[in-house]
Amino acid sequence: MKNLVALLSTISTLVGPVFTYKCYSGFSSNSTTCNVSETECLGDRCMTACQYSNYNGIVYKSILKSCANETLCGAKGSALMEKAKYRFYMNCCTGNLCNTDGYGFPTEDPTPNGAKCPTGYCTGSLLECKKDKEMNCTGSMDQCFEYRGDAIDPGHRERTFSVKGCINTDSCKFNFDCAIGVSEVKKKFVNCYKLHHNQGNSSE
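Mind the numbering: the sequence shown is residues 1283 to 1486 in the working numbering, read in order.
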């Protein structure tokens, strides 16, 4: 769950005076609004990135505005586990200072999709969170996942997580690395898989 701000700041510094397109730029790790400035961009696309995190009832909403990262445009991530929920949405637009949109997400489908995953939410340890619980996955979350690592949450508290639950393809694709309000300190293990299939996309 690397902080996306550093990546997009690096992209912005590569822009020279020859480019005329500008985007609004700003970031807040625990608010639905942010103070913005104008920044020159390498192309004509801008982005507004939104994140929702709910850790055991504590809700954080984060927003980032910047020049577009084309690999993230349109990405919609969802993950659900015992006591926790995580969502992100990367909305891109074309045109000078076009990223005027506010905090928001596409409608979420609450319909069970037939997938079931083991679920658990443990803190304070990098060991596997072993709980004899299972959950029904909904909407686009058709895979299971396990994540273990150290991270700083939007409330600026460092936590050690060991979690399991349901997840969708975009969250697996980016390995939680496009989180905007969470700074990853150490990733111990991450794995997305479908039950009764070969597991993959792991690192340790």
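Even for Gly, the Cβ is constructed at its ideal location relative to N, Cα and C.
The structure presented is a predicted model; accordingly, all values stated were derived computationally and were not measured.
Limits of the beta strand (DSSP E) - the one that Thr1376 falls within | What you label residue 1376 is simply residue 94 of the sequence shown in a count that begins at 1. Here the beta strand (DSSP E) through Thr1376 covers Ala1366 to Thr1376.
Do the CB positions of Ser1348 and Pro1436 come within less than 8 Å of each other?
-> Counting from 1 along the sequence shown, the entry for residue 1348 is found at position 66. Counting from 1 along the sequence shown, the entry for residue 1436 is found at position 154. The answer is no: Cβ separation not under 8 Å.
Could you have a look at Gly1482 and say whether DSSP puts it in helix, strand or coil?
-> In the sequence shown, residue 1482 corresponds to position 200, counting from 1. Confidence in Gly1482 is poor, its pLDDT being 41 and thus under 50, which makes the residue's placement unreliable; the coordinate value appears in the next sentence. Correct three-state label for Gly1482: strand.
Where does Arg1439 land, buried or exposed, given buried means 16+ other C-beta within 10 angstroms?
-> Translated into positions along the sequence shown, residue 1439 becomes position 157. Exposed.
Whole-angstrom distance between Lys1367 and Phe1471, CA atom to CA atom | The residue labelled residue 1471 in the question sits at position 189 within the sequence shown. The residue labelled residue 1367 in the question sits at position 85 within the sequence shown. If you take the alpha carbons of Phe1471 and Lys1367, they lie about 19 Å apart.
Under 6 Å Cβ to Cβ from Lys1455, same chain only, skipping five residues before and after it: list those, please.
-> The residue given as residue 1455 occupies position 173 in the sequence shown. Nothing listed; no residue qualifies.
Quick one: any contact between the segment 1316-1326 and the segment 1414-1425, if contact means 3 or more CB pairs under 8 Å?
-> no
Pick helix, strand or coil for Asp1432, following the three-state DSSP scheme.
-> What you label residue 1432 is simply residue 150 of the sequence shown in a count that begins at 1. Note: Asp1432 maps to strand in three-state DSSP.
Inspect the beta-carbon positions of Thr1401 and Glu1428 and report whether they are closer than 8 Å.
-> The count along the sequence shown starts at 1 and reaches residue 1401 at position 119. The count along the sequence shown starts at 1 and reaches residue 1428 at position 146. Contact: no.
Beta-bridge partners of Val1464, as assigned by DSSP = Position 182 of the sequence shown, counted from the start, is the residue given in the question as residue 1464. Per DSSP, none; premise fails for Val1464.
Mind listing, in chain order, the continuous beta strand (DSSP E) runs of no fewer than 3 residues lying wholly within the segment 1389-1419?
-> 1394-1400 and 1402-1405
Buried versus exposed call for Gly1431 [16 or more other C-beta atoms within 10 Å across all chains shown] | Reading the sequence shown from its first residue, position 149 is the one you call residue 1431. Counting Cβ neighbours within 10 Å, Gly1431 comes out buried, since at least 16 surround it.
Go ahead and pull the three-state DSSP assignment for Ser1344.
-> Here residue 1344 is taken as the residue at index 62 of the sequence shown, counted from 1. Ser1344: strand per DSSP, three-state reduction.
Could you tell me which of Asn1381, Pro1388, Met1372 and Leu1362 sits nearest to Val1445, measuring between CA atoms?
-> Within the sequence shown, numbered from 1, the residue matching residue 1445 stands at position 163. Residue Leu1362 is the option with its Cα nearest to Val1445.
Quick one: Cα of Ala1397 to Cα of Asn1418, how far?
-> The residue given as residue 1397 occupies position 115 in the sequence shown. The residue given as residue 1418 occupies position 136 in the sequence shown. Those two C-alpha atoms are separated by around 6 Å.
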